[in-house]
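**Student:**
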Amino acid sequence: MAVFGTVFMPQMALATFENDTWSDTKKVSAESIQMHPGAHVLHYSSTCFEGMKAFRHADGGIYLFRMDQNIKRFEQSSRLLNLPKINTDQVESMIFSIVAQYSDDVPEPPGSMYIRPTHIGTEASIGKAAAPSLTSMLYVLLSPVGDYFSGGARPLRLLLDETGLRCAPHMGMIKSGGNYASALGPILQARSEVQADQILFCPNGDVQETGAANFILIDGNEIITKALDSSFLHGVTRSSILTLAADLGMTVSERDISVSELLQRAAKPGVEAALSGTAAVLTPVGTFIHNGEEHQVGSGEAGPTTIKLRQALNDIQWGKAEDKHNWLVKVK
Ligand SMILES: *Cc1c(COP(=O)(O)O)cnc(C)c1O
Numbered sequence: 027m028a029v030f031g032t033v034f035m036p037q038m039a040l041a042t043f044e045n046d047t048w049s050d051t052k053k054v055s056a057e058s059i060q061m062h063p064g065a066h067v068l069h070y071s072s073t074c075f076e077g078m079k080a081f082r083h084a085d086g087g088i089y090l091f092r093m094d095q096n097i098k099r100f101e102q103s104s105r106l107l108n109l110p111k112i113n114t115d116q117v118e119s120m121i122f123s124i125v126a127q128y129s130d131d132v133p134e135p136p137g138s139m140y141i142r143p144t145h146i147g148t149e150a151s152i153g154k155a156a157a158p159s160l161t162s163m164l165y166v167l168l169s170p171v172g173d174y175f176s177g178g179a180r181p182l183r184l185l186l187d188e189t190g191l192r193c194a195p196h197m198g199m200i201k202s203g204g205n206y207a208s209a210l211g212p213i214l215q216a217r218s219e220v221q222a223d224q225i226l227f228c229p230n231g232d233v234q235e236t237g238a239a240n241f242i243l244i245d246g247n248e249i250i251t252k253a254l255d256s257s258f259l260h261g262v263t264r265s266s267i268l269t270l271a272a273d274l275g276m277t278v279s280e281r282d283i284s285v286s287e288l289l290q291r292a293a294k295p296g297v298e299a300a301l302s303g304t305a306a307v308l309t310p311v312g313t314f315i316h317n318g319e320e321h322q323v324g325s326g327e328a329g330p331t332t333i334k335l336r337q338a339l340n341d342i343q344w345g346k347a348e349d350k351h352n353w354l355v356k357v358k
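Quick note: the sequence shown, position 94, residue 120 per the working numbering, numbers continuous.
1) Closest by CA to leucine 184, which one among Gly203, Val285, Ala28 and Leu259?
2) Across which residues does DSSP place cysteine 74 in a beta bridge pair?
3) Going by DSSP, name the residue or residues bridged to tyrosine 89.
4) On the DSSP bridge list, what partners appear for leucine 26?
5) Got a sec, what are the start and stop residues for the beta strand (DSSP E) valine 278 sits in?
6) Counting pairs of beta carbons, one from the segment 273 to 292 and one from the segment 242 to 254, are three or more of them closer than 8 Å?
7) How should glutamate 280 be labelled, buried or exposed, when 16 other C-beta atoms within 10 angstroms of its C-beta is the threshold for buried?
8) Quick one: does the C-beta of phenylalanine 100 sit closer than 8 Å to a heavy atom of ligand 1?
9) Flag lysine 252 as yes when its Cβ comes closer than 8 Å to any non-hydrogen atom of ligand 1, and as no otherwise.
10) Tell me the rounded alpha-carbon separation between phenylalanine 314 and alanine 84.
11) Within a Cβ cutoff of 7 Å, which residues of the same chain sit near valine 360, ignoring the five residues on either side of it in sequence?
12) So is the beta-carbon of asparagine 340 under 8 Å away from any non-hydrogen atom of ligand 1?
13) Is it buried or exposed for glycine 329, if we count other Cβ within 10 angstroms and need 16 for buried?
14) Indicate whether valine 307 and serine 129 have their beta-carbon atoms separated by less than 9 Å.
15) If you reduce the DSSP assignment to three classes, tell me which class glycine 316 lands in.
16) For the beta strand (DSSP E) that contains proline 170, what are its first and last residues?
17) Compare the Cα-Cα distances from arginine 336 to each of Tyr174, Met35, Gly318 and Thr114 and report the closest residue.
18) Got a sec: does ligand 1 put a non-hydrogen atom nearer than 8 Å to the Cβ of threonine 269?
19) Using only CA atoms, which one of Leu339, Val117, His321 and Met197 lies nearest to proline 135?
20) Which residues have a Cβ closer than 6 Å to any heavy atom of ligand 3, listed in chain order?
21) Hey, could you find the ends of the beta strand (DSSP E) methionine 38 is sitting in?
22) Within the same chain, show all residues whose beta-carbon is closer than 8 Å to that of glycine 231, passing over the 5 residues directly before and after it, in chain order.
23) Check each candidate in Glu44, Asn96 and Gly275 and name the one with the smallest Cα separation from glycine 147.
24) Assuming serine 286 is part of the alpha helix (DSSP H), what are its boundary residues?
25) Is the distance from the Cβ of leucine 167 to the Cβ of isoleucine 141 below 9 Å?
26) Could you give the DSSP three-state label for asparagine 108: helix, strand or coil?
27) Using 8 Å as the Cβ pair cut-off and three pairs as the minimum, do the segment 252 to 262 and the segment 191 to 205 touch?
28) Can you grab the Cα-Cα spacing for the pair serine 162 / alanine 209, in whole Å?
29) Return the first residue and the last residue of the beta strand (DSSP E) that leucine 254 is part of.
30) Measuring only the C-alpha atoms, how far is glutamate 327 from glycine 64?
31) CB-CB under 7 Å to serine 169, same chain, minus the five flanking residues each way: which ones, in chain order?
32) Please work out which residues of its chain come closer than 7 Å, Cβ to Cβ, to lysine 201, disregarding the five sequence neighbours upstream and downstream, and give them in chain order.
33) If you measure between the beta carbons of proline 36 and serine 58, is that distance less than 9 Å?
34) Judging by CA-CA distance, which residue of Tyr206, His196, Val311 and Pro229 is the nearest neighbour of leucine 106?
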């Protein structure tokens, strides 16, 4: 199977914003887009995106998972970046129609069709470093994906970083390109210096998230994660996992966690840690690296509750368990 995110469906749905209006949706080649080299996005990073999935059920039906949440976040990201206001009804129908067009190409579980709505500022004006783009382009790109863990779910090594930031604090809840570029230098350094897979950003000891996933701690019957604030990305997977944990009778604690509490708890047998996100669902964390020391999390292996929660979410997505929270929308 190809590397995650490198295969694309030949066409995408696209709309442009000009003269204060959205164009009709067009289906265009996903090979290229045309843009002026002075386009706002290329200089001043007026860009945001979403990541969601469509799933194939055993009866052949194709379903979108919590699309409303992704569109809401897309609207919020666009607003906070001062991009043109998106038309949420139009975006919804763009997603529906392009997924329907390629419904035969939606892989069987554990694969899925990854959906990447993208919104960029296109105004050709390099003088607008401190002004919004008045024109934009919005497209919905599709990428069929296999099991993220085709190589087996090896528990991750996370460097706990108490001094750096993933992105500027007022950008945390925006799914915007610049944030990933901002985190890349520190992540590459952590990979080469301490063989970490990711950095868990913990500014001033406050445990936030990694470069592209939320962080969850599981201690017995309690699941703990940072409460929503504007400093980090509000994951749809995070919210889904917390809901399923509550359904299973677990205590859900949304509150701040300090690095010292994290290390204290990690030393207890049976404690589990995981990262949550659409691409990888729930990924076990086996080791924290802090001030040059390695701290094993619980057994260091994927924990039973992590596996159970991940399975519970996959079962709903794959149509093997009842969709009690009405998270799925049928495409066809
Ligand atoms: C996308 C993303 C997440 C996970 O969000 P999901 O909606 O669960 O996919 C978490 N953190 C960051 C920084 C992200 O970009």
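Yeah, the Cβ is synthetic: ideal placement off N, Cα and C, and Gly gets one too.
**Tutor:** The answer reads as follows:
1) Numbered from 1 along the sequence shown, position 158 holds the residue referred to as residue 184. For leucine 184, the nearest C-alpha among the options comes from Val285.
2) Within the sequence shown, residue 74 is the residue found at index 48, counting from 1. DSSP lists His145 and Ser202 as partners of cysteine 74.
3) On the sequence shown, position 63 is the one that residue 89 refers to. Bridge partners of tyrosine 89: Phe81 and Lys356.
4) Shown here, the chain extends from 27 to 358; a query on residue 26 therefore has no answer.
5) Counting from 1 along the sequence shown, the entry for residue 278 is found at position 252. Note, valine 278: beta strand (DSSP E), 277 to 280.
6) Remark: three or more beta-carbon pairs, one from each stretch, lie closer than 8 Å, so the segment 273 to 292 and the segment 242 to 254 are flagged as touching.
7) Walking along the sequence shown from the start, residue 280 turns up at place 254. Counting C-beta atoms within 10 angstroms of its own C-beta, glutamate 280 has fewer than 16 neighbours from the protein chains shown and is therefore classed as exposed.
8) As a working note, residue 100 is residue 74 in the sequence shown. No, the beta carbon of phenylalanine 100 sits no closer than 8 Å to any heavy atom of ligand 1.
9) Within the sequence shown, numbered from 1, the residue matching residue 252 stands at position 226. Lysine 252 Cβ: outside cutoff for every heavy atom of ligand 1.
10) To locate residue 314, count along the sequence shown from 1; it is residue 288. To locate residue 84, count along the sequence shown from 1; it is residue 58. Cα to Cα, phenylalanine 314 sits roughly 39 Å from alanine 84.
11) The structure shown has nothing for residue 360, since the chain only spans 27 to 358.
12) By one-based count along the sequence shown, residue 340 stands at place 314. Distances between the C-beta of asparagine 340 and the heavy atoms of ligand 1 are all 8 Å or more.
13) In the sequence shown, the residue the question calls residue 329 occupies position 303. Buried, since its Cβ has 16 or more Cβ neighbours within 10 Å.
14) Translated into the one-based positions of the sequence shown, residue 307 becomes position 281. Translated into the one-based positions of the sequence shown, residue 129 becomes position 103. Taking 9 Å as the Cβ cut-off, valine 307 and serine 129 do not qualify as a contacting pair.
15) Numbered from 1 along the sequence shown, position 290 holds the residue referred to as residue 316. Sequence check: residue 316 is histidine here, not glycine. Looking at histidine 316 - three-state DSSP - the assignment turns out to be strand.
16) Taking the sequence shown and counting its residues from 1, the one referred to as residue 170 is at position 144. Per DSSP, the unbroken beta strand (DSSP E) holding proline 170 starts and ends at 162 to 171.
17) Here the question's residue 336 lines up with position 310 in the sequence shown. The shortest Cα separation from arginine 336 among Tyr174, Met35, Gly318 and Thr114 belongs to Tyr174.
18) Walking along the sequence shown from the start, residue 269 turns up at place 243. In this structure, threonine 269 has its beta carbon at no less than 8 Å from each heavy atom of ligand 1.
19) Taking the first residue of the sequence shown as 1, we reach residue 135 at position 109. In this structure, Leu339 is the residue among Leu339, Val117, His321 and Met197 with its C-alpha nearest to the C-alpha of proline 135.
20) You won't find ligand 3 in this model; what it holds is ligand 1.
21) As a first step, residue 38 is located in the sequence shown; it is residue number 12 there, counting from the start. Counting along the chain, methionine 38 sits inside the beta strand (DSSP E) bounded by residues 37 to 44.
22) As a working note, residue 231 is residue 205 in the sequence shown. Close CB contacts of glycine 231 within its chain, under the 8 Å cut and outside five residues either way in sequence, are with Glu188, Ser284, Val285 and Ser286 (chain order).
23) Position 121 of the sequence shown, counting from 1, holds the residue named residue 147. Of the listed residues, the one whose Cα sits closest to glycine 147 is Glu44.
24) The sequence position of residue 286 within the sequence shown is 260, counting from 1. In the DSSP assignment, serine 286 falls within the alpha helix (DSSP H) that extends over 285 to 292.
25) If you number the sequence shown from 1, residue 167 lands on position 141. If you number the sequence shown from 1, residue 141 lands on position 115. Contact: yes.
26) Translated into positions along the sequence shown, residue 108 becomes position 82. In the structure shown, asparagine 108 sits in coil (DSSP, three-state: anything other than H, G, I, E or B).
27) Touching, yes.
28) Here residue 162 corresponds to residue number 136 of the sequence shown, with the count starting at 1. Here residue 209 corresponds to residue number 183 of the sequence shown, with the count starting at 1. The alpha-carbon atoms of serine 162 and alanine 209 are separated by roughly 26 Å.
29) Stepping through the sequence shown from its first residue, residue 254 is reached at position 228. That residue, leucine 254, is in no beta strand (DSSP E); it is neither H nor E in DSSP.
30) On the sequence shown, residue 327 is found 301 positions in, with the first residue counted as 1. On the sequence shown, residue 64 is found 38 positions in, with the first residue counted as 1. Those two C-alpha atoms are separated by around 49 Å.
31) The residue labelled residue 169 in the question sits at position 143 within the sequence shown. Only Gly31, Val33, Phe34, Tyr140 and Arg142 meet the Cβ criterion.
32) Working through the sequence shown from its first residue, we reach residue 201 at position 175. Within the same chain, lysine 201 has close Cβ partners Cys74, Phe75, Glu76, Arg99, Ser103 and Leu259.
33) Position 10 of the sequence shown holds residue 36. Position 32 of the sequence shown holds residue 58. No, Cβ-Cβ distance for proline 36 and serine 58 is not below 9 Å.
34) Here the question's residue 106 lines up with position 80 in the sequence shown. Nearest C-alpha to leucine 106: His196.
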